[in-house]
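Some notes on the structure that comes next.
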């Protein structure tokens, strides 16, 4: 009973102290609430963004009971979740041309159904034309709810109306009320509303009633052979079973006998026993192994660092409170209280403020998630059915916040309880020497923790990575007092204010070290995540294989099977130059072939010729990562050695894109020096001179030996090729020619789509055929949707079989998370520096009085506060940056281990795992945040001293 009474009094005193110092209390609550808020928002978002089985079914089949689809493979057997099925007759072939069965005969009696079918089509837009997916489904039917939802406007009805998704309208410039034409059928449709697919918000598509688009398109293609028939997907049916019965497992098996695959909501959510599933009883059935779910290394590490960060953030604030309340704590001792009671009062503050911070963080986290729900859904790409709240998880988060509040108050409670009553009442701090053992232990712990984290990274052990990172940070924390003491020696030659700030920090390490630790903890977490994200972004950029040179567009008719397509290139060039941001004259190119043109006569075997750029034998010309001994070699390679081999000309021959310019795998293009400048980016007078002299320019040196290449051509002609068959009747002939070439530097082997540029006169001398195939332009920026659509529309007026391709490069990295981390670390740094300034003010009041008494100007007080903030912020940021690199490097080592394992299984897979520092984030933290902290402290500190009563 006495224990409860003592704690009741301690909590009452802590509550009163919190109410008395509202600013400090609000800061402590914020320190605890912000991490709790973030974890709460992440928990609710993760649970909401991860769909349940029922939500997945609603997204795929709306409010219907089942989805029926014809597999066209005869009777089948399926799993209850419809993820796997197998034909009863394994030898039965898939007959795509077989007549469709009447699926409605397989529905349960008393059912109602609507059909779903889609086909890609070319449609007109505000800017020109574009290709999109058209889906025929009665969107107004209740069975489609949950699968397709109306956002604004009205659902389409009849044969001349459509609905569109918002991304489609945004890219095409259309809106509700606009008209679009399906170019394949020539029929016009009015857009009546905007719809969305809740599980795919970024989809660009049009929706129409069944029979509105595909049927008239098919009818026109049957009467007009110039119209290509629609490439439709199989018809699927959304089925609503009999009222109260749904679609049962016997209904599913009955439909399986007709070759119909059924996804039933009732069966998926409540599957039948395995004994009633025929597929599970088959001897040839082998289930797909499910990968075990485990927490990622990054998540475990960040969680461990987050708990440590909360403790370090709130600790200095409790130290401020204990220091400001030392007279009150001294009075507690004069009334008979002992050290236990002093500790209870300070810990009570941690309990009170920790509880308020935890509850505030959970409540505000839920509120912000609700407010920004739409934004989160758009970022995730799908709607939440509802906010998923797990009471046990939210309670655990709040309890963790409460416990961390107590832990943050633990060290200040110990310090306050050790002060004598006399020191507390008089305000004297006594003289305490810093421990000489602690820094040595801290250095050892830092080395051991770093070693453990690195070992965990190399071994792929997430527990060791997170544990080692925390231990290393704790070791660095123990070294902070020594580091702060060393800083005091650096101020000997500095002006008065910075010299005093450094010496004050060194003299009062008990308050400086916790604040530096708080900054270090926040910055360490931010730098760790930012470094990891920058590194993975650089890895993705390296792994990206471009389809063509960045900053260029290619106008092409090279793949056209229509004679005379090349004659439309002049008008197509004018369309490109008029509608795109071209910055160079066109670099024209011609395609090359031997024998009859395979684009026109390649239907039958040996009816067209071929060209082969023969690669010489030998190590210098063969990629060691393919063929015999590749895996043995990969097992001995490091990631850097493997990267170097992957980028060698011999290995690039198998990874670069082929056929871009209408050639086969040889990637030979007929062009002049303009192609070198515009597309290859090779500004070499010698190479241009070689082309002018009739010498080919070889971009990949792996095909050359002693400055020569071997070109093998098979001249086969088709009887349908009347122009050439009369002159080349008989069996195909094969020629092999040795050609002197100009070999470009090795880096140009990575040019997408081209291995060699050949002058036209050389091709004619070799008996090869050429034809104008297109042009290359450089552009100021990748073509926008509007530019592409306008260019396609202009070229459509010229005729078909001419198009434009562009290279957009790798997907842009979303830097919003890096900015958020930088802002968070900056806010914490400013808060910790403000706490230190307040604690320094409480401690150094007598020193400041003495400073004024000896004639120091009032501005010195403000400058001193500013430099005190700079010292804490800059020291914490630098140490935090170094500390954050430990988990970041360890996590990348985990990724490296996995990449090496994959590479050794498949030597052609990249194992490049770079570590890239986010210099912008680090620069803002190291330079910008300390400077801002100093300026704010200087501006907000009063120059004049406040009147104070005499102590003692």
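In this note's numbering, the protein residues as written are 144 to 1095. From the three backbone atoms N, C-alpha and C, an ideal C-beta is built for every residue, glycine too.
If you follow the beta strand (DSSP E) that residue i is in, where does it begin and where does it stop?
i	result
residue 296	292–296
residue 221	219–221
residue 917	912–921
residue 278	272–279
residue 381	379–383
residue 345	No beta strand (DSSP E) contains residue 345, which DSSP labels as neither H nor E.
Do residue i and residue j have their CB atoms nearer than 7 Å?
i	j	result
residue 615	residue 592	yes
residue 336	residue 306	yes
residue 619	residue 581	no
residue 1011	residue 644	yes
residue 948	residue 697	yes
residue 504	residue 180	yes
residue 1036	residue 600	yes
residue 373	residue 673	no
residue 847	residue 840	no
residue 332	residue 303	yes
residue 631	residue 649	yes
residue 1033	residue 608	yes
I need the DSSP call for residue i, collapsed to helix, strand or coil.
i	result
residue 515	coil
residue 261	strand
residue 434	Legend: pLDDT at residue 434 = 45, less than 50; position of this residue unreliable, no value from coordinates given.
residue 574	With a pLDDT of only 48 at residue 574, under 50, the local geometry of the prediction cannot be trusted, and the value read off the model is given with reservation. Three-state DSSP puts residue 574 in coil, outside helix and strand.
residue 804	coil
residue 730	strand
residue 903	helix
residue 1095	Residue placement at residue 1095 cannot be trusted, given a pLDDT of 43 that sits under 50; the coordinates are not used to answer.
residue 1136	Residue 1136 falls outside the range modelled here, since the chain spans only 144 to 1095, and no answer is possible.
residue 305	strand
residue 336	strand
residue 819	helix
residue 877	strand
residue 846	helix
residue 909	coil
residue 246	helix
residue 490	helix
residue 213	strand
residue 758	coil
residue 1011	helix
residue 1142	Within the shown structure, residues of the chain are numbered from 144 to 1095, placing residue 1142 beyond reach of any answer.
residue 1043	helix
In terms of alpha-carbon separation, which member of the options lies closest to residue i?
i	options	result
residue 256	924, 278, 759, 382	382
residue 370	264, 303, 617, 410	264
residue 729	816, 880, 223	816
residue 793	1041, 890, 180, 413	890
residue 289	205, 274, 329, 261	205
residue 749	866, 873, 895, 174	873
residue 232	219, 244, 258	219
residue 818	898, 192, 283	898
residue 803	387, 835, 767, 695	695
residue 912	843, 812, 820	812
residue 200	412, 379, 281, 1007	412
residue 684	767, 927, 513, 1059	1059
residue 910	752, 362, 1019	752
residue 1111	914, 603, 1002	A query on residue 1111 cannot be resolved here, the shown segment of the chain reaching from 144 to 1095 and no further.
What residue does the alpha helix (DSSP H) around residue i start on, and which one ends it?
i	result
residue 928	928–941
residue 409	408–412
residue 610	605–631
residue 720	712–722
residue 590	580–602
Review point. When the Cβ atoms of the stretch 656–667 are set against those of the stretch 1039–1054, are three or more pairs found closer than 8 Å?
Key: Counting Cβ pairs under 8 Å, fewer than three are found: no touch.
Review point. Any contact of the stretch 918–929 with the stretch 718–725, i.e. 3+ C-beta pairs under 8 Å?
Key: With a cut-off of 8 Å on Cβ pairs, the stretch 918–929 is in contact with the stretch 718–725, counting three or more such pairs.
Review point. With a cut-off of 8 Å, do at least 3 Cβ pairs link the stretch 297–312 to the stretch 350–366?
Key: By the criterion of at least three beta-carbon pairs nearer than 8 Å, the stretch 297–312 is in contact with the stretch 350–366.
Exercise for review: Would you check if the stretch 875–893 and the stretch 846–861 touch, i.e. whether three or more CB-CB distances between them fall below 8 Å?
Suggested key: Between the stretch 846–861 and the stretch 875–893 there are three or more inter-stretch CB-CB distances shorter than 8 Å, so the stretches are counted as touching.
Exercise for review: Flag this pair as touching only if the stretch 329–345 and the stretch 523–531 have three or more C-beta atom pairs under 8 Å; answer yes or no.
Suggested key: Taking 8 Å as the limit for Cβ pairs, the verdict is that the stretch 523–531 does touch the stretch 329–345.
Review point. Any contact of the stretch 389–399 with the stretch 181–197, i.e. 3+ C-beta pairs under 8 Å?
Key: Contact annotation: the stretch 389–399 does not touch the stretch 181–197, with fewer than three C-beta pairs closer than 8 Å.
Point to revise | Touch test, the stretch 315–333 against the stretch 173–191, Cβ-Cβ under 8 Å, three pairs minimum | key: No, they do not touch.
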